[in-house]
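First comes the structure, then the notes that go with it.
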Amino acid sequence: MGVSRRRVTLPEDSSTSSSAEKGKLENKKAKDSEALYYIQTAVADHIFPRISVATSAKEAWSILQKEYQGSAKVRIIKLQTLRRDFENMKMKDSETIDEYYTKVRELVNQTKSLWGGYTRKKGRRKIAYKCH
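With UniProt numbering as the guide, the letters of the sequence shown map in order to residues 1 to 132.
Structural data, given as structure tokens:
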């Protein structure tokens, strides 16, 4: 589920806002509250206290993202490590193609969770190259 990155801002004087603007604002607030509800109900009980203070879906999502993926610097280091592991990966003589494929997919999935730019095509090429 994607979380809207737009910030809901309240006008300082709501009496000057038109009823259409008020309706749009209420709709945005309702959607944000619904998204926050879904995030809060989707996390495990032991994780909930970390996001219970969030007042918007974006804030809760940011807390979870930072905690589980780390800062941008940490993600870059993790990606570099995964790339090195991927490039150095070799199929063992005792290993079946299915076992090797599983290891490659695990690395690709870990990479995709940090950064979606790593494609299946690279994983397939790695498997095809190692199996010939």
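Even for Gly, the Cβ is constructed at its ideal location relative to N, Cα and C.
Using the beta-carbon count (16 or more within 10 Å), is TRP115 buried or exposed?
Position 115 of the sequence shown holds residue 115. Per the 10 Å Cβ criterion, exposed.
Which residues in the same chain have their Cβ closer than 6 Å to the Cβ of ASN88, if we skip the five residues on either side of it in sequence?
Walking along the sequence shown from the start, residue 88 turns up at place 88. Result list for ASN88: empty, nothing under 6 Å.
Any contact of the segment 78-93 with the segment 106-113, i.e. 3+ C-beta pairs under 8 Å?
yes
Would the segment 32-42 and the segment 54-66 be scored as touching if the rule is three or more Cβ pairs under 8 Å?
yes
When the Cα atoms are used, what is the spatial distance from GLU59 to TYR100?
As a first step, residue 59 must be located in the sequence shown, where it is residue number 59. As a first step, residue 100 must be located in the sequence shown, where it is residue number 100. Taking the straight line from one Cα to the other gives about 40 Å.
Buried or exposed by the 16-neighbour rule on C-beta atoms within 10 Å, applied to VAL74
Taking the first residue of the sequence shown as 1, we reach residue 74 at position 74. It counts as exposed.
Can you tell me the Cβ-Cβ gap for THR50 and GLU26, rounded? I've got them flagged as a contact below 8 Å.
Taking the first residue of the sequence shown as position 1, residue 50 is located at position 50. Taking the first residue of the sequence shown as position 1, residue 26 is located at position 26. One point to set straight first is that residue 50 is Arg, not Thr, in the sequence displayed. The pair is not a contact, with the Cβ atoms about 29 Å apart (cut-off 8 Å).
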